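Number of protein chains: 2
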Amino acid sequence: MLSNQLHNGLETAKLLWSRIPNSEDGEVDGGSLLRNSNRNTVESLDYEVIENYAYREEQAQRGKLYVGYYVAVKWFLALLTGIGTGLAAVFINISVENFAGWKFALTFSIIQRSYFAGFVIYVLINLILVFSSVYIVTHFAPAAAGSGIPEIKGYLNGLDIHGILLFRTLIGKIFGSIGSVGGGLALGKEGPLVHTGACIASLLGQGGSSKYHLSSRWLQVFKSDRDRRDLVTCGCAAGVAAAFRAPVGGVLFALEEVTSWWRSQLMWRVFFTSAIVAVVVRTAMGWCKSGKCGHFGSGGFIIWDTSDGQEDYSFEELLPMAVIGVIGGLLGALFNQLTFHITYWRRNYLHKKGNRVKIIEACLISVITSAISFGLPLLRKCNPCPESDHDSGIECPRPPGMYGNYVNFYCGKDKEYNDLATIFFNTQDDAIRNLFSAKTIHEFSAQSLLTFLVMFYTLAVVTFGTAVPAGQFVPGIMIGSTYGRLVGMFVVNFYKNLNVEEGTYALLGAASFLGGSMRMTVSLCVIMVEITNNLKLLPLIMLVLLISKAVGDAFNEGFYEQQARLKGIALLESRPKYQMRNMMAKEVCRNQKVVSFPRIVKVADAVSILQSNLHNGFPVIDHVRNGETLVIGLVLRSHLLVLLQSKVDFQHSPLPCDPAGVSKSIRHNFSEFVKPVSSKGISIEDIHLSSDDLEMYIDLAPVLNPSPYVVPEDMSLTKVYNLFRQLGLRHIFVVPRASRVVGMITREDLLIEDSEDPASVELHSTSGASSI
Amino acid sequence: MLSNQLHNGLETAKLLWSRIPNSEDGEVDGGSLLRNSNRNTVESLDYEVIENYAYREEQAQRGKLYVGYYVAVKWFLALLTGIGTGLAAVFINISVENFAGWKFALTFSIIQRSYFAGFVIYVLINLILVFSSVYIVTHFAPAAAGSGIPEIKGYLNGLDIHGILLFRTLIGKIFGSIGSVGGGLALGKEGPLVHTGACIASLLGQGGSSKYHLSSRWLQVFKSDRDRRDLVTCGCAAGVAAAFRAPVGGVLFALEEVTSWWRSQLMWRVFFTSAIVAVVVRTAMGWCKSGKCGHFGSGGFIIWDTSDGQEDYSFEELLPMAVIGVIGGLLGALFNQLTFHITYWRRNYLHKKGNRVKIIEACLISVITSAISFGLPLLRKCNPCPESDHDSGIECPRPPGMYGNYVNFYCGKDKEYNDLATIFFNTQDDAIRNLFSAKTIHEFSAQSLLTFLVMFYTLAVVTFGTAVPAGQFVPGIMIGSTYGRLVGMFVVNFYKNLNVEEGTYALLGAASFLGGSMRMTVSLCVIMVEITNNLKLLPLIMLVLLISKAVGDAFNEGFYEQQARLKGIALLESRPKYQMRNMMAKEVCRNQKVVSFPRIVKVADAVSILQSNLHNGFPVIDHVRNGETLVIGLVLRSHLLVLLQSKVDFQHSPLPCDPAGVSKSIRHNFSEFVKPVSSKGISIEDIHLSSDDLEMYIDLAPVLNPSPYVVPEDMSLTKVYNLFRQLGLRHIFVVPRASRVVGMITREDLLIEDSEDPASVELHSTSGASSI
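Heads up: the sequence lines are chains A and B, in that order. Counting in our numbering, the first sequence tops out at residue 772, every number present. Counting in our numbering, the second sequence tops out at residue 772, every number present.
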């Protein structure tokens, strides 16, 4: 039974809690985290709120106009994210293409005189580019290393990983990937672009970077974490859309691979962002066609148009295609396993020795990569050019300084080409274009392809995990298309009368390797269709992906999941673990001591409780008149710290603040309770209180969350997990079984109509349904 | 405090509950429903369980082998669903094309002699087709009327609408849509195909139709409702994939528009089903190309290849495109409003007068449609054919009996064509192909297009809601492409020097009308891209959709939402209603009397409780030793009825069954508790008990759900709604505030690893992660 006074206090709490931004169901539980943080290698994990209806309520109180403004800002920021990511992608692509184009042009002109001088120049240019990349990353933006997708996944799952969304990370990522990709390492720029998009979105969502004085007050509208995460989701989709010029693929990637909580309202905004990216990239490419962008133009964005590929397929071909799927699953799973072990070793031994080792390692790998990609083609005998076919428009050998299929490299005669140089001594985009190319049967020898496959696979495994930005898409496509083309060559020789294109098999091989490694399904399928601009291959790609994912799943987890686990990013999966079925809620919190606050707490007590443990949320328990206790809510450490720091809510009497003076008791500006974005917030050690202060009291009722979700103590942990995961919670109270049931809520009780008559409802404007 | 005995009983309950199929958190709450059922026009709404972990637990107990078998069955059924839906789509398309082709061929051959005889024949054939359709629907399968998408949406939202997924509905839908589409009404076959796919999936999921002796025991594996709903989701995607040959669009449609609970594990299976459909349809079309399918071949599946359309667009064109978006939003919203009012009137007045009125109505509309589509082109003056352009391959006039652009109809000279007949006196697929066609500038006059727009819009509004299967996609595309082409013509005249294709504007118009009416976004975008096979138009389609959806949302709800509301299908939306913010949990159940059971209940009492109300779930409350009460779980009406009917669990003593004899107390075969699929289950009136039986007792502990979700009585209804909606619940107990907190569960507590060392975990096979 509630005493009247308490009841008033709780009403106040409900009113106030609903006005504190960013304050729903628990928050910032670093306490339980830090207990376990030693097994994680991530420096700091913070927790933030995901759902925030209270905040939306606050908006509503400010009126319809504000809501409209808020929605407009959301769309405007999505627009800016799209434009920003598109421009970043264009910048990276132009830079990489120019560096690489200039590098190959210089090397080709030098090897006319001396192959040794050309080799030295080639190695040196690559080394300089890679060194600049690794230097930027190690000294300026350590969080920019790697692909970034596991970290973003963790962030959208509810974790805060320190540093991944800072301005310096963005800069490091952009310039780092220009260096590492331009330097010819066996890695791609697509994963980093996803991270770049997420960084841009995050910076926009928090109104710029305050550290670099780039912030703008009028952009700082997003006070809730949910809005920021939504924008980061848009950024991820924009990154994929920019990397592959695949707007639909970007949306599906964000949906399938990255986010943890998806709302259909968000889908449209994500799609909008992707479309903006597509428009920006298209415009930029149109502008570059006139030659204003140097070497950029014919290369660059990975769009490998295979529309002149195989139109039809026969049933006999399904068997070799299934074989490609199996190979993809096996090689993909092996790739995951090898990179896992090597990354594990790097993290625990090699990279602990400091930045110098990281730099030496990257430079060493650069030199080895350059030596192999230059040296191996030298050992390969050249082949005579095939009969010229003017219809196909493919010249042999390709003119110097141009992109094309048949590369004349270390050949005795003019009309010869080196098939290994065509794929190895080339930019990755051009190599893939050559592997996918139709009407070039017998261009490659099986020996060259096999050599390339083994060498490039090894290089890709070794390279991933160095301290440079590194994506896995393009290397995966390279590896996959190589063995795909090998299978295609076999099919051409075996079924001689079929209208088989090796390029189509190369494409299927690429899909199979990515499927076997990353285990994406729908998004990967759509991305492959969009980059090849060929819808007709969709069923074949699906078949291959189905097989390769199934085969890969038989061995290990997906690439991103493994990397995330390695980095200590503990994702809450959507399904509860198997052993939770036999556990009860109280079992997981058996060793915890529940530290609770009374409603009116003495400041000294509050400080000592906060100092004595690291919990981030505390139950508040009040005594009602007859001596019984009652759980009246949850108070967060961060809110307590704000109260203690500002001191305006201190009172002399240990009695609740006057219920009549509810409005007076709100002495805080609620923006003080907003969680800071980049800093770690205040700590109890930072707060200095005089001995007078310590003797005073605080009434917690105005700042507590009056009804966190509760579960009975003997509920199955599976159910608890679902509640926690589906609603994106931070804290759940485990309480004893109830003694009575006040009511029962069923579907019908929740079908509250806006009005009585269903017909008249329709005639009203229901524009509310459209607000995002 | 639990007494020991009670505790044992609860442990038993937990064990047993986990083995009762289809028995998670509440179920079948017809009670609270029937209270309100008078305002619904649907005959019967049943409730079923959506989440069912308990069932999966049962599987697990049966061993890994069974799980493997179960997963295999799921995929196999998805495969069958795909094949079945694909074949159904092929059958419908071949039939429609043949009926329509034969109809037009006959009419054209007769009008060579007499236009009046041709008119009579044309009207009669249409009338016969439409009559057969409406007869089948009214007399055999009433649930097959309309599009079916709102009903499927309701089903996947957790409602059971009587009859929508029966075998007879499937048959009625297939043959009904052949009649209605073949009969030339202003409606499409795409919505019905989605319903067809869902029916096929549902029938497969329940192992065939027992009523028609088509069931197979070994297919009856799916005992949980969740699996059946998943399969129906696959069926919906398959329907869209078959209707538009758009596998990706199908997946996105199922995701965005149809389902309410989406799991990423399901996505891949849905995609697989869509791919199977694509393969089936492609194979069938390849087979038909050789002429084995009569008139089918060049027409049929709606794929309007616009790849020879406009490649590029300039910034000046964005304005007319935006205008198309605005028009689409306005006309779409108007369409929704008009169909809403007309359907409302039909349901409440016209169709209450019986089947005869429905048949007369449909026949009348058929005659009017025939008369208009034949008569209006007669009034139109013919135009001379444009200069022949052999490159484009478009002949003028088209050869008799073929499909093509320029129709010679009631023209004086040979080298003339009738532009209104080209779109009006034609199958809808061909009309759309003509409207989308490139390189046919000046084919249509503005007057003809405007006439067609007004007449067809009116016809589409009037036709929807008659008792025939009716989709809205193709009519929407017709309407949209007409005004789109009008705008395109204006652009051609205004910006004379642009490389503008009217067909591209027609496509954008189609997208804008569908967006303005159905308010789909991503899925519609992808469907439009897939049916036109032109990825390059994606950004433009998005722009247009963005505008038309925003404009439409300013006026009313989407088409399907309105129709669902009209049919009394009360969908639980994903967002809580605005006014829930200011309500508390106990407020919505204030007028309810909670009827609870004791743990050991006398049979007579149980019968009287079940007779006295219509609730479907009851709290079970036990008295512990010291006289306090304790809520020990939830028991379902359906389970109680099974207990009462079988009588094997009756006992003479009012004491709990012996805890030591746990296994003996399970006297039921658990399949008895499975919810029946098509019948309504047993009712309390069907159970006959002797007076001896009435004096006996039942121990409810073995059949109760020991821990339903609970909420404190003063929790905000918004939070309650989220809990209910996100987890797909049926019952929530509203309980008083707890007096103490036993523990606190945070993220870290739920991160239970399979093993201690994260590195060694990786080296294990984690194939469990791949099980669906």
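Where is the CB? At the ideal position from N, CA and C, for every residue including glycine. Every value quoted in this text rests on a predicted model; they were computed, and no experiment measured them.
Inset, instruction - Give every residue of the same chain whose Cβ lies closer than 7 Å to the Cβ of residue 431 (chain B), excluding the five residues on either side of it in the sequence, and list them in chain order. - result: The answer, listed in chain order, is 423, 478.
Legend entry - Proximal residues, the region 736–756 of chain B versus chain A, C-beta separation under 9 Å: Answer in chain order: 736, 737, 738, 739, 740, 741, 742, 743, 744, 745, 746, 747, 748, 749, 750, 751, 752, 753, 754.
Inset, instruction - Determine whether the Cβ of residue 662 (chain A) lies closer than 9 Å to any Cβ atom of chain B. - result: For residue 662 (chain A), the predicted model reports a pLDDT of 44, less than 50, meaning its position is unreliable; a value from the coordinates is still stated below. Taking 9 Å as the CB threshold, residue 662 (chain A) stays off the interface with chain B.
Inset, instruction - Please state if the CB of residue 173 (chain B) and the CB of residue 656 (chain B) are separated by a distance shorter than 9 Å. - result: No, they are not a contact pair.
Inset, instruction - Would you be able to state if there are at least three C-beta pairs under 8 Å between the region 348–355 of chain A and the region 565–575 of chain A? - result: Proximity of the region 565–575 of chain A to the region 348–355 of chain A falls short of the contact definition, fewer than three beta-carbon pairs being nearer than 8 Å.
Inset, instruction - Note down, in chain order, each residue of its chain lying with its Cβ closer than 7 Å to the Cβ of residue 199 (chain B), except the 5 sequence neighbours on either side. - result: So the list reads 165, 169, 170, 173, once near-sequence residues are dropped.
Legend entry - Test item: CB-CB of residue 328 (chain A) and residue 509 (chain A) under 9 Å: Result yes, Cβ atoms of residue 328 (chain A) and residue 509 (chain A) sit closer than 9 Å.
Inset, instruction - Taking residue 697 (chain B) and residue 732 (chain B) to be in contact with their CB atoms under 8 Å, please state how far apart those CB atoms are, rounded to whole angstroms. - result: Between residue 732 (chain B) and residue 697 (chain B) the Cβ distance is about 29 Å, and since that is not below 8 Å, they are no contact.
Inset, instruction - Verify the CB distance criterion: does residue 262 (chain B) have a CB-CB separation below 9 Å to chain A? - result: With 9 Å as the cut-off, residue 262 (chain B) counts as an interface residue toward chain A.
Legend entry - Same chain only: Cβ atoms within 7 Å of residue 370 (chain B), ignoring 5 sequence neighbours per side: Hits under 7 Å: 122, 123, 126, 184.
Inset, instruction - Taking C-beta pairs closer than 9 Å, name the residues in chain A that residue 345 (chain B) reaches, listed in chain order. - result: Neighbours of residue 345 (chain B) in chain A, taken as residues at a C-beta separation under 9 Å, are lacking, since the least C-beta distance is about 10 Å.
Inset, instruction - Measure the CB-CB distance between residue 236 (chain B) and residue 201 (chain B) and report whether it falls below 9 Å. - result: The answer is yes: Cβ separation under 9 Å.
Inset, instruction - Grab the span of the beta strand (DSSP E) containing residue 258 (chain B) for me, first residue to last. - result: Element bounds for residue 258 (chain B): n/a, residue is neither H nor E.
Legend entry - Helix, strand or coil at residue 744 (chain A) according to DSSP, with G and I counted as helix: Residue state, collapsed to three classes: strand.
Legend entry - C-beta contact flag for residue 247 (chain A) and residue 284 (chain A) at 9 Å: Contact: no.
Legend entry - Proximal residues, the region 444–470 of chain A versus chain B, C-beta separation under 7 Å: Those would be none; no residue qualifies.
Inset, instruction - Report yes if the C-beta distance between residue 238 (chain B) and residue 465 (chain B) is below 9 Å; otherwise report no. - result: Contact flag unset, no.
Inset, instruction - With 8 Å as the limit, tell me which residues of the region 718–729 of chain B have their beta carbon closer than that to any beta carbon of chain A; keep them in chain order. - result: Flagged, chain order: 718, 719, 720, 721, 722, 723, 724, 725, 726, 727.
Inset, instruction - Would you verify that the beta carbon of residue 539 (chain B) is, or is not, closer than 9 Å to some beta carbon of chain A? - result: Answer yes: the Cβ-Cβ gap between residue 539 (chain B) and chain A drops below 9 Å somewhere.
Legend entry - Segment limits, alpha helix (DSSP H) that includes residue 452 (chain A): It spans 446–463 - the alpha helix (DSSP H) in which residue 452 (chain A) sits, taken as one unbroken run.
Inset, instruction - Could you have a look at residue 300 (chain B) and say whether DSSP puts it in helix, strand or coil? - result: Caution applies to residue 300 (chain B), whose pLDDT of 46 falls short of 50 and renders its modelled position unreliable; the value that the coordinates give is listed next. Looking at residue 300 (chain B) - three-state DSSP - the assignment turns out to be coil, as it is neither helix nor strand.
Inset, instruction - Assign residue 484 (chain B) to buried or exposed, taking buried as 16 or more other Cβ atoms, counted over all protein chains shown, within 10 Å of its Cβ. - result: Buried, since its Cβ has 16 or more Cβ neighbours within 10 Å.
Inset, instruction - Would you please verify whether the beta carbon of residue 158 (chain A) is less than 9 Å from any beta carbon of chain B? - result: Yes, residue 158 (chain A) lies at the interface with chain B (some Cβ there is under 9 Å from its Cβ).
Inset, instruction - Would you decide whether residue 625 (chain A) is buried or exposed? Buried here means 16 or more other CB atoms lie within 10 Å of its CB. - result: Around the C-beta of residue 625 (chain A), fewer than 16 other C-beta atoms lie within 10 Å, and the residue is accordingly described as exposed.
Legend entry - Contact set between residue 290 (chain B) and chain A, taken where Cβ atoms lie within less than 9 Å: What residue 290 (chain B) touches in chain A, judged by beta-carbon distance under 9 Å, is nothing: the nearest beta carbon there is about 14 Å away.
Legend entry - Close-in-space but distant-in-sequence residues of the same chain around residue 230 (chain A) (CB under 6 Å, 5 per side omitted): 266, listed in sequence order.
Inset, instruction - Could you name the residues of chain A that residue 533 (chain B) contacts, counting a contact when the two beta carbons are closer than 7 Å? - result: Residues of chain A passing the Cβ test: 535.
Legend entry - Spatial neighbours of residue 737 (chain A) in its chain, beta-carbon cut-off 8 Å, leaving aside the 5 residues before and after: Closer than 8 Å at the Cβ level, and outside the excluded window around residue 737 (chain A), lie 712, 713, 714.
Legend entry - chain B contact residues for residue 256 (chain A), given Cβ-Cβ distances below 8 Å: Correct list: 264, 267.
Inset, instruction - Could you spell out the range, first to last residue, of the beta strand (DSSP E) harbouring residue 630 (chain A)? - result: Run containing residue 630 (chain A): 629–636, per the beta strand (DSSP E) assignment.
Inset, instruction - Give, in chain order, every residue of the region 603–632 of chain B whose Cβ lies closer than 9 Å to some Cβ of chain A. - result: Under the 9 Å Cβ criterion, the region 603–632 of chain B contributes 615, 616, 617, 618, 619, 621, 628, 629, 630, 631, 632.
Legend entry - Beta-carbon proximity list for residue 444 (chain B), same chain, < 6 Å, skipping 5 on both sides: The beta carbon of residue 444 (chain B) sits closer than 6 Å to the beta carbons of 419 from its chain, once the five residues preceding and following it are set aside; these are given in chain order.
Legend entry - Alpha carbon of residue 189 (chain B) to alpha carbon of residue 161 (chain A), nearest angstrom: Rounded to whole angstroms, residue 189 (chain B) to residue 161 (chain A) spans 51 Å at the Cα level.
Inset, instruction - Within its chain, find whatever has a CB closer than 7 Å to the CB of residue 186 (chain B); leave out the 5 residues flanking it on each side and keep chain order. - result: If we look at residue 186 (chain B) and ignore the five residues flanking it on each side, its Cβ neighbours are 369, 456, 459, 460, 463, 475.
Inset, instruction - State the Cα-Cα distance for the pair residue 495 (chain B) and residue 489 (chain B), rounded to the nearest angstrom. - result: Each residue's Cα considered, the two are about 10 Å apart.
Legend entry - Residues of its chain near residue 129 (chain B), where Cβ-Cβ distance is below 6 Å and the 5 sequence neighbours each way are ignored: Result list for residue 129 (chain B): 179, 182, 183, in chain order.
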